[in-house]
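Remarks on the structure that follows.
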Amino acid sequence: MPQRIHIVDRFDVPWSGSAKEAIGTAHRLAGAAHVQLWSDEPPHPSYDGAGIAHIGPDGAPKEGTLLISGGYYQPGAWLEQGRFARVLIRFNTTSNRAYVEAFTLLGRLRQAGLPAPELSFISALLRKEMGLEGLVAPSPIDTERFAPAATRPPRPFTIGRHSRDVEFKHHPDDIAIYRTLALAGHQVRILGGTVLAPRLGRFRQGIELLPAGAQAPEEFLRSIDCFYYRTHPLFTEALGYVVIEAMATGIPVVCERRGGFAEVIAHGKNGLLFDTDEEGLACLQRLAADPAFSAELGLASCETARLDLGMSALGRYQDWLLPSAAV
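For any residue, its number in our numbering is found by taking its place in the sequence shown, counting from 1, and adding 2.
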């Protein structure tokens, strides 16, 4: 008899990596288990059509396997009332607040007498910071959706990035880098970048700021030649799902050395890593000036994403979710 799996996430903000992973997991497990997505609050409209049930008096997870996606928030009182055979927690967020919430959640599970939770971490960085034991498995990538473009239309060398449209996803020094690139004749496209508009001012030539969701990520990635990524110094990406998606499409990536994505990038082989503004700008300028090197990095990044973060990551993660069933 197929297992019953309840996947709980907040689904409260658009384009959340945690929410995207929860929805992707539900889709992949649909053929091997009875899967239901749940949210304690009404889901954000960006998730309409995903089949998410709102937890309330008329329904809540009760039995079977419970997967808490994110682990950085407190589920409702229904948690203590459940009779779950297994409890799984998928940790995917780095912040002091997230860690406090995570350990509070572990305490609630223990006090409720529920099964000892089985833990999974999106990166080794996150597992080390939390000081807990469990499986390290990056988010599996949909390598059919995120695949290299068949052709590249003629255009100026275009640097891009995408993320949620919030301040902490952007480094305050990147405005200067974008201006330097634009002045050199390159194009800059930022999906989820309208938050930068006040600081960018009236100088916009060569720099395009798009709201998050204005384009599908895979469509956006086909419009750029290099993916650049770093975040605010006070925020560290546990993995950086957007970086892995870019790698899967065969785009060379230039990223700060601080973040979970650095675990899968070998500098100079399948991407470029940097520590300072000057190093980051130099990496971007090198790719713009050397198409052959840019193409070489892109091919290697695609191979890494497809071989190490495609089916192999999918297998590890799904074996953890369904240890007695092949998906």
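The C-beta atom is built at its ideal place from N, Cα and C for all residues, glycine as well.
The structure presented is a predicted model; accordingly, all values stated were derived computationally and were not measured.
- Beta-bridge analysis with DSSP links Gly270 to no other residue.
- DSSP assignment within the region 9 to 52 yields the following whole beta strand (DSSP E) runs of 3 residues or more, N-terminal first: 35 to 41.
- Distance from the CA of Gly84 to the CA of Leu116, rounded to the nearest whole angstrom, comes to 8 Å.
- Check the Cα spacing between Gly51 and each of Leu128, Leu39, Asp277 and Ala62: the tightest is with Leu39.
- Within its own chain, the residues whose Cβ lies closer than 8 Å to the Cβ of Ser71, once the five positions on either side in sequence are excluded, are Ile9, Val10, Asp11, Ser20, Ala21, Glu23, Ala24, Thr27, Arg92 and Asn94, listed in chain order.
- Its Cα nearest to that of Leu111, the residue Leu68 stands out among Leu68, Thr233 and Gly242.
- Boundaries around Gln287 are those of the alpha helix (DSSP H), Asp279 to Ala291, since no beta strand (DSSP E) includes it.
- Burial is judged here by how many other beta carbons sit within 10 angstroms of a residue's own beta carbon; Val244 has at least 16 and is buried.
- 9 Å or more divides the Cβ of Phe276 from the Cβ of Pro254.
- Contact check for Pro200 and His164: beta-carbon distance about 20 Å, past the 8 Å limit, so the pair fails to qualify.
- The C-alpha of Ala214 lies about 8 Å from the C-alpha of Pro16.
- Residue pairing for Leu236: DSSP places it in no beta bridge.
- Note that the C-beta distance between Pro119 and Leu241 is not below 9 Å.
- When only Cα atoms are considered, Leu301 and Phe295 end up about 10 Å apart.
- Going by DSSP, Arg110 is part of the alpha helix (DSSP H) stretching over Asn98 to Gln113.
- Beta-bridge analysis with DSSP links Leu121 to Ile91.
- Contact between the region 265 to 282 and the region 145 to 164 is absent, with fewer than three C-beta pairs closer than 8 Å.
- In this structure the region 189 to 205 does not lie against the region 246 to 265, because fewer than three pairs of beta carbons, one per stretch, are closer than 8 Å.
- In the displayed model, Arg201 falls within a helix according to three-state DSSP.
- DSSP places Gly194 outside both helix and strand once states are collapsed to three, so it counts as coil.
- At a Cβ-Cβ threshold of 9 Å, Ile7 and Leu31 count as neighbours.
- Leu223 sits away from Leu211, with the two beta carbons spaced by 9 Å or more.
- When the alpha-carbon of Pro77 is set against those of Lys64, Ser41 and Gln189, the nearest one is in Ser41.
- Counting other Cβ atoms within 10 Å of its Cβ, Thr153 stays below 16 and is therefore classed as exposed.
- Just so you know, the alpha carbons of Tyr74 and Thr106 end up roughly 9 Å apart.
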